[in-house]
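Q: Here it is: the structure, laid out below.
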Amino acid sequence: MPTILIEKQTPQVTVLTLNRPERRNALTIELLSELNAAIKIASDQPDERVIVLRGAGAAFCTGLDLKEAADQTKAHATAEMVANTLIAISQARLTTIAAVHGAAVAGGAGIMSACDFVVAAQRTKIGYPEVRRGLVAGLVMTFLRWQVMEELWSSSVKDDVELALKYHMRARESEEAREGIAAFNEKRKPKWIA
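Shown next as structure tokens:
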């Protein structure tokens, strides 16, 4: 089953739906890869003007799939895919709109924030709860900060995101982060090391 559904609303509008409703559209390497490919395909269409991002089921996106994130061998690839996705969305030649409902938290809030416009349903929960899992929202927050600064000054978002990725990976590989992810997956309170 595809993790991204592609629907042409009109010749100028493509709707991309995050399609993992059973996991509240949690981000995996597969989903991020499909999303990047879909953004590129839409961007390559000469008549295309708008990409709408939305989530299937009860939530827009709840961030990284912490089951996949528990696998340290995939940690760097996942973080790199998140960074690439944020860049792809923000630098798309098309207008990007996030149609948000339910929850847009962690990486989901980052994807939402990378869009040009956000339309949110009432009572949508938006936030960066990573700190409760021993993680830092540094990658997304650095990206967003530099995205705003680039609008004001000319600097390279790509270079800054790569630096943020380096620091993000250091934090992701910490004992605290592993414990936070394990506690989430085991449905228990974390036993913090420090």
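For what it's worth, the working numbering labels the leading residue of the sequence shown as 11, then goes sequentially. From the three backbone atoms N, C-alpha and C, an ideal C-beta is built for every residue, glycine too. Given the structure is predicted, the values throughout are model-derived calculations rather than measurements.
Among Ala116, Asn94, Gly117, Val129, which residue has its Cα nearest to the Cα of Ile107?
A: The residue with the shortest Cα to Cα distance from Ile107 is Val129.
Q: Which residues mark the beginning and the end of the alpha helix (DSSP H) in which Gln101 is found?
A: Element bounds for Gln101: 82 to 101.
Q: Who pairs with Ile14 in a beta bridge, going by DSSP?
A: Paired residues: Leu28.
Q: Which same chain residues end up closer than 6 Å to Leu28 when comparing Cβ atoms and leaving out the 5 residues on each side of it in sequence?
A: Excluding residues within five positions, the ones whose Cβ falls inside 6 Å are Asn35, Gly65, Cys71.
Q: If I measure Cβ to Cβ from Asn5 and keep anything under 7 Å in the same chain, skipping five residues before and after, which residues do I get?
A: Because the chain in this structure spans residues 11 to 204, residue 5 falls outside the shown range and cannot be described.
Q: Specify, as a first and last residue, the run of the alpha helix (DSSP H) that Ala124 falls within.
A: Start and end: 117 to 124.
Q: In the DSSP assignment, the alpha helix (DSSP H) including Gly190 goes from what residue to what residue?
A: 185 to 195 is the extent of the alpha helix (DSSP H) around Gly190.
Q: Taking C-alpha atoms, which residue in Pro200, Arg182, Glu183 lies nearest to Gly190?
A: Closest option to Gly190, Cα to Cα, is Pro200.
Q: Tell me, which residues are paired with Gly65 by DSSP?
A: Answer is Leu28.
Q: Just confirm the distance between the C-beta atoms of Ala181 and Ala187, as a whole number of angstroms; I'd bet it's less than 8 Å.
A: Going by Cβ atoms, the distance from Ala181 to Ala187 rounds to 6 Å, so yes, they are a contact pair.
Q: Are three or more beta carbon pairs between the segment 80 to 100 and the segment 132 to 139 nearer than 8 Å?
A: Segments in contact, no.
Q: Just confirm the distance between the C-beta atoms of Ala119 and Tyr138, as a whole number of angstroms; I'd bet it's less than 8 Å.
A: At roughly 6 Å, the Cβ-Cβ gap stays under 8 Å, so Ala119 and Tyr138 are in contact.
Q: With H, G and I counted as helix, E and B as strand and the rest as coil, what does DSSP make of Leu74?
A: Reduced to three states, the DSSP call for Leu74 is strand.
Q: Ile51: buried (16+ other C-beta within 10 angstroms of its C-beta) or exposed?
A: Per the 10 Å Cβ criterion, exposed.
Q: For Leu37, which residues does DSSP report across the bridge?
A: Beta-bridge pairing links Leu37 to Leu74.
Q: Between the segment 91 to 107 and the segment 37 to 50, do three or more beta carbon pairs fall short of 8 Å?
A: Yes, since at least three Cβ pairs between the segment 91 to 107 and the segment 37 to 50 fall closer than 8 Å, the two stretches touch.
Q: Taking buried to mean at least 16 other C-beta atoms within 10 Å of its own C-beta, is Glu32 buried or exposed?
A: The residue in question, Glu32, is exposed, as its Cβ has fewer than 16 Cβ neighbours within 10 Å.
Q: Just to confirm, is the Cβ distance from Ala113 to Glu140 under 9 Å?
A: No. Outside cutoff.
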